[in-house]
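Quick notes on the structure that follows.
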Amino acid sequence: MARPRIALLALGGTIASPVDAAGTGATATLTADDIAGDLGMRAAVDLETRTLRMLASSNLTLDDVRDLARQIAATDADGIVVTVGTDALEEVAFALDASLAGDRPVVVTGAMRNVGHPGPDGPANLLGALRVAAHPDARGQGVLVVFADEVHSARYVRKTHTSSPATFRSPTLGPLGFLVEDRVRLPFARRRRPAAVPFGDGPLPSVALVRVTLGDDPALITAAASTGCAGLVLETFGAGHVAAAWLPALREAASRMPVVFASRTGSGELYEKLAAFPGSERDLRDAGLIPAGDLDGAKARLLLVLLLSSGADERGIRAAFADV
Ligand code: DAS
Numbered sequence: 392m393a394r395p396r397i398a399l400l401a402l403g404g405t406i407a408s409p410v411d412a413a414g415t416g417a418t419a420t421l422t423a424d425d426i427a428g429d430l431g432m433r434a435a436v437d438l439e440t441r442t443l444r445m446l447a448s449s450n451l452t453l454d455d456v457r458d459l460a461r462q463i464a465a466t467d468a469d470g471i472v473v474t475v476g477t478d479a480l481e482e483v484a485f486a487l488d489a490s491l492a493g494d495r496p497v498v499v500t501g502a503m504r505n506v507g508h509p510g511p512d513g514p515a516n517l518l519g520a521l522r523v524a525a526h527p528d529a530r531g532q533g534v535l536v537v538f539a540d541e542v543h544s545a546r547y548v549r550k551t552h553t554s555s556p557a558t559f560r561s562p563t564l565g566p567l568g569f570l571v572e573d574r575v576r577l578p579f580a581r582r583r584r585p586a587a588v589p590f591g592d593g594p595l596p597s598v599a600l601v602r603v604t605l606g607d608d609p610a611l612i613t614a615a616a617s618t619g620c621a622g623l624v625l626e627t628f629g630a631g632h633v634a635a636a637w638l639p640a641l642r643e644a645a646s647r648m649p650v651v652f653a654s655r656t657g658s659g660e661l662y663e664k665l666a667a668f669p670g671s672e673r674d675l676r677d678a679g680l681i682p683a684g685d686l687d688g689a690k691a692r693l694l695l696v697l698l699l700s701s702g703a704d705e706r707g708i709r710a711a712f713a714d715v
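Pasting the structure below:
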């Protein structure tokens with residue numbers, strides 16, 4: 392039987408950053424081929440390696456992610472594994488999930504412990520990611536994140552800890568599956584994916600993300616909306632709540648650009664109608680804001696970037712957020 396052809400695309404991050412003898416000073420220097428090393432799985436797949444960037448993920452741009460999405464779309468491999476820094480991994484994975492069509496497995500992974508530290512997790516994570524990318528059950532599941540022997544949907548996963556190797560969690564849902572020995576188990580299939588919103592051509596729009604905190608000044612919203620951004624995302628309290636004092640500034644911003652609201656809690660879906668106090672979800676809707684369903688602020692921002700870059704009008708933006 393032919394070995395599955397897997398493309399390994401590397402962008403840098405801890406998985407590509409060995410530490411020196413003192414255990415400090417890590418920076419990305421390893422290529423995709425170095426990272427794959429002599430992993431046992433190499434013999435089971437036909438592996439093509441490409442080093443696209445060698446950056447800490449905080450230095451990646453959305454142009455880099457667009458380029459990655461295009462490289463994935465252009466390869467004819469049976470499955471794709473992306474290695475990237477964990478800091479922005481959830482955003483890279485979500486942007487791919489939201490923008491790529493098709494059933495081919497795309498699996499994103501990285502590492503929390505550098506090569507040179509005791510117990511580096513990169514090799515095990517990469518081995519797991521290759522196994523998942525080569526597995527038939529991974530087809531049609533959208534972009535997956537494999538980390539610490541768990542398989543998560545990019546749609547829900549978040550980095551939840553600064554240093555733990557088990558940092559990736561899906562608080563709303565839990566993992567879709569897991570790895571044990573050399574077996575991939577995906578008992579929970581993703582039943583539906585919204586239509587892909589591919590990156591458009593040309594400069595990508597700027598979308599600001601503002602998180603509300605207790606006692607904030609509404610001038611923050613006016614300032615954010617005046618940065619030249621094409622859209623705004625607001626991370627609200629709870630199920631979609633702000634101080635009533637923010638409403639005039641939000642109303643004004645929403646009259647000029649799409650303003651989306653998400654919850655800052657990091658899991659669960661916004662309310663639609665339960666609360667009626669000033670600054671509740673009803674007031675935000677009445678002020679023209681667009682609810683992000685169960686997307687968190689960072690994910691909602693990426694979806695808004697994709698929609699604006701693909702030329703969606705207000706109706707299209709509202710329809711897309713109603714279908715997340
Ligand atoms: N925190 C590092 C990582 O875990 C750096 C990065 O995100 O690139 O990969």
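Numbering (the working numbering), first residue to last: 392 to 715. Glycine included, every Cβ here is placed at the ideal spot set by N, Cα and C. A quick note: this is a predicted structure, and the numbers were derived from the prediction, not measured.
| Check | Outcome |
| --- | --- |
| By the three-class DSSP mapping on this structure, what secondary structure does LYS690 have? | helix |
| Return the chain-ordered list of same chain residues with a C-beta closer than 7 Å to the C-beta of VAL696, the five sequence neighbours on each side being excluded. | LEU453, LEU595, PRO596 and VAL598 |
| Between the C-alpha atoms of THR415 and VAL506, what's the straight-line distance to the nearest angstrom? | 11 Å |
| According to DSSP, is LEU600 part of a helix, a strand, or is it coil? | strand |
| Less than 7 Å between the CB of THR405 and some heavy atom of ligand 1, yes or no? | yes |
| Rounded to the nearest angstrom, what separates LYS664 and ARG549 at their Cα positions? | 27 Å |
| Roughly how far, in whole angstroms, is the beta-carbon of MET648 from the beta-carbon of GLY622, given that I think they are within contact range, below 8 Å? | 5 Å |
| Using DSSP's beta-bridge definition, name the partner residues of ARG396. | ASP437 |
| Is it the case that the CB of GLY476 approaches a heavy atom of ligand 1 more closely than 7 Å? | yes |
| Any chance the CB of ALA447 is under 7 Å from a heavy atom of ligand 1? | yes |
| Need the endpoints of the beta strand (DSSP E) that SER654 sits in, please. | 650-654 |
| Smallest Cα separation from LYS690: which of ALA468, ASP573 and PHE652? | PHE652 |
| Check whether the segment 605-617 and the segment 582-595 are in contact - that is, three or more C-beta pairs closer than 8 Å. | no |
| Tell me the rounded alpha-carbon separation between THR563 and LEU491. | 23 Å |
| DSSP on GLY619, reduced to helix/strand/coil? | coil |
| In the DSSP assignment, find the unbroken beta strand (DSSP E) run with ARG546 in it and report its ends. | Per DSSP, ARG546 belongs to no beta strand (DSSP E) and is neither H nor E. |
| Nearest-angstrom Cα distance between LEU443 and VAL473? | 10 Å |
| Ordered along the chain, which non-local residues of its own chain (more than five positions away) have a Cβ less than 8 Å from that of SER701? | VAL588, PRO589, PHE590 and GLY591 |
| Taking the straight line between their C-alpha atoms, what separation do you get for LEU693 and GLY631? | 19 Å |
| How would you label ALA465, buried or exposed, when you count the other beta carbons within 10 angstroms and need 16 or more for buried? | exposed |
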